[in-house]
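Per our numbering, residue 16 is the first one in the sequence shown, and the count goes up by one each step.
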Amino acid sequence: MASGSSSKFIYYEDPPPGAIDEKEFFCTEKIVPRKIKPQNIVIRLMEREIHGSRKPGSHFHVVREFYQNVFPNLTIVNVEKPPCFLRKFSPDGKHFIAFSADQTSLEIYEYRGASSAGDLVAGYPTDLLNADADAHHRIRTHIFYRFFKPKFTVNVCQQRDIRTDRLGNMPVMEQQLNRECSLFTEDGRYVIVGSAAHIPDDLRPHFYHIHSNNEAVTPTIRSPLEDYSLHLVDLHQGKLCDTKHFRIDKIYLSHNQGIYLYKEVLAVLSVQHQTIHLYQIVEGMLIEIRKIGRYCYDDDPFIVSSIIGKSINEKPFHEETINSLKHRILVFLFKRAKKITDETGDPLELRKFYKYFDMFKSLRMWKMQLLDEDHLFIKYASEEVVTLRVAEPNSQSSFFVIYNISQSKVLEIYENTSEALLQLFENYCDCFRNARLCADSQFTCSPSNNLYARLTQQRFKQTIVRAIYGGRTEATKRILAQLPISAQSYSGSPYLDLGLFSYDDKWVSVMERPKAYGEYPIR
16 MASGSSSKFI YYEDPPPGAI DEKEFFCTEK IVPRKIKPQN IVIRLMEREI
66 HGSRKPGSHF HVVREFYQNV FPNLTIVNVE KPPCFLRKFS PDGKHFIAFS
116 ADQTSLEIYE YRGASSAGDL VAGYPTDLLN ADADAHHRIR THIFYRFFKP
166 KFTVNVCQQR DIRTDRLGNM PVMEQQLNRE CSLFTEDGRY VIVGSAAHIP
216 DDLRPHFYHI HSNNEAVTPT IRSPLEDYSL HLVDLHQGKL CDTKHFRIDK
266 IYLSHNQGIY LYKEVLAVLS VQHQTIHLYQ IVEGMLIEIR KIGRYCYDDD
316 PFIVSSIIGK SINEKPFHEE TINSLKHRIL VFLFKRAKKI TDETGDPLEL
366 RKFYKYFDMF KSLRMWKMQL LDEDHLFIKY ASEEVVTLRV AEPNSQSSFF
416 VIYNISQSKV LEIYENTSEA LLQLFENYCD CFRNARLCAD SQFTCSPSNN
466 LYARLTQQRF KQTIVRAIYG GRTEATKRIL AQLPISAQSY SGSPYLDLGL
516 FSYDDKWVSV MERPKAYGEY PIR
């Protein structure tokens, strides 16, 4: 029964047939299930042979999909190995390096390939975890040398008795290699390793050797001075090619924090002397090309001395002038503040610059990385943070500087709460990681090119935003605390691509850090 003439199509009972057009009330479209690509390797090979890559620019993705058919399927734990500290593979996968037990020599192994142990593990489809059978013991005993053939043992930290008159006849202490420091050239020919030796209290250096300029920091118990050396080793010939020494210094070698290798350019940050040393690898030699800190150009000392003169007894520590790199930073901040003031007519930005001038002047270099051969990405913080006198250094205020080396010019400065820098980092993460410079295309699993990695980062960000004492600013600080990123600290392995495989990042991750193995094998 209808309620009225104006609502003749509103019924309280079943409408008569033909009164309602079913197309207006029922969705005729269907949800089409997503078609899963064939996983069979034979079908994939046929598809690649016939069609190649169906979409332009997707060749790399097509190639990486084959790793889903060839993957590790056997886990063996408690493998017997030589008395050494295993480190990592070379970029070409042909060599594997390790540090000797006394941390004075570099051991080079040749990788024989996955098929070298095929006869040894044949007939064992299950993982060898805690079994004690004789056959299992035989596998654990021999499998390491099946995969890795000892090739060279290079004595890097040689016993020396050298005295340097320039440093007041201080003996060179015996150094040990840092197990967490190694940088490979992109062709896999050379590896750079670092060593250090503690300076005992009874051989404390001269004051002006510690404070070599007016930007030098004061050493602390948590950040003591040491003698450092960087060694260039030829993996193909098994010999020590070159060594550079840094006496009475502070360089963070662990996880390659204080050194960075981009193609053939090596950058070394001296935190103690606030200087960045740049070297070029040329035919097995480390050629120094520039020092950035007190001066930015090689001829700067001659120009400065010709203008202000130089006293024989005057030390750089007593200089009243601002060093070249810090001066360029202050000039950039002043020009930016003046530009904003001229555009808005409000002198607030200039007043802020004058107010925080002393704070800017007291900043010290903490970390750095090379964005390419001509650009440095430098992190500045207070001296308390740089010398590790603060309990939580990443929560403190810091600044990021993008510096052009050839033009000696500051391009941009960001604070560690900058939304603009966060957006750059999220969208161009691979440009900061530089994980696979030798590859045609950088396909690391990063938030900038992987949907699953970006989703994980967004969840992490939202967790901090919603947490107690959190917020968007705190989330930005936590994410930007990763910068600058240490050299060769991320893996570009397709087995760690979240678009191809799923894994628990508690046991394995794209960041190359030591991980403890669990009770069960990694799947």
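We treat Cβ as the ideally placed atom computed from N, Cα and C, and that holds for glycine. The structure displayed is predicted, hence computed values, not measured ones.
Rounded separation between residue 399 and residue 463 - CA only: One C-alpha to the other measures close to 34 Å.
Top-ranked residue by Cα proximity to residue 275, from 385, 136, 497, 290: Measuring from the Cα of residue 275, the nearest candidate turns out to be 385.
Which listed residue (69, 205, 192, 229) has its alpha carbon closest to that of residue 333: Checking every option, the nearest Cα to that of residue 333 belongs to 229.
Among 444, 284, 115, the one whose alpha carbon lies nearest that of residue 98: For the residues 444, 284, 115, the minimum Cα distance to residue 98 belongs to 115.
Distance between residue 53 and residue 261 (C-alpha atoms, nearest Å): For residue 261 and residue 53, the distance between alpha carbons rounds to 57 Å.
Contact set for residue 528: own chain, Cβ-Cβ below 7 Å, skip 5 residues either direction: Answer for residue 528: no residue qualifies.
Residue 197 (DSSP reduced to helix, strand or coil): If DSSP states are grouped into helix, strand and coil, residue 197 belongs with the strands.
C-beta contact flag for residue 191 and residue 244 at 8 Å: Contact annotation: residue 191 and residue 244 have beta-carbon atoms that are not nearer than 8 Å.
Residue 438 CB to nearest heavy atom of the ligand PLP below 7 Å: Because no ligand of any kind appears in the structure shown, any question about the ligand PLP cannot be addressed here.
Endpoints, the alpha helix (DSSP H) within which residue 244 is located: Per DSSP, residue 244 is not a residue of any alpha helix (DSSP H); the beta strand (DSSP E) it occupies stretches across 241 to 249.
Cβ-based burial, residue 123 [other Cβ within 10 Å; buried from 16]: Flag for residue 123 reads buried.
Inside the stretch 344 to 424 only - beta strand (DSSP E) runs reaching at least 3 residues: Here the runs fully enclosed are 379 to 387, 390 to 396, 413 to 419.
Residue 214, DSSP secondary structure in three states: DSSP places residue 214 in coil when its eight states are reduced to three.
Within 8 Å, strictly: CB atoms of residue 311 and residue 269: Taking 8 Å as the Cβ cut-off, residue 311 and residue 269 do not qualify as a contacting pair.
Euclidean distance between Cα positions of residue 292 and residue 48: One C-alpha to the other measures close to 58 Å.
Residue 117 in three-state terms, based on DSSP: In this structure, residue 117 counts as coil in the three-state DSSP scheme.
Cβ neighbour criterion (16 or more within 10 Å) applied to residue 112: By the neighbour-count rule (16 or more Cβ atoms within 10 Å), residue 112 is buried.
Buried versus exposed call for residue 442 [16 or more other C-beta atoms within 10 Å across all chains shown]: Burial call: exposed.
Of the residues 357, 419, 515, the one placed nearest residue 343, counting alpha carbons only: Residue 343 has its Cα closest to that of 419, out of 357, 419, 515.
Assigned exposure category for residue 520 - 16 Cβ within 10 Å defines buried: By the Cβ-count criterion, residue 520 is exposed, with fewer than 16 other Cβ atoms from all chains shown falling within 10 Å of its own Cβ.
Exposure of residue 518, with buried meaning 16 or more beta-carbon neighbours within 10 Å: Around the C-beta of residue 518, fewer than 16 other C-beta atoms lie within 10 Å, and the residue is accordingly described as exposed.
Simplified DSSP assignment, three categories, for residue 522: In the structure shown, residue 522 adopts coil according to DSSP, grouped into three states.
Which of helix, strand or coil DSSP assigns to residue 191: Under the three-state reduction of DSSP, residue 191 is assigned to strand.
Three-state secondary structure assigned by DSSP to residue 86: Reduced to three states, the DSSP call for residue 86 is coil.
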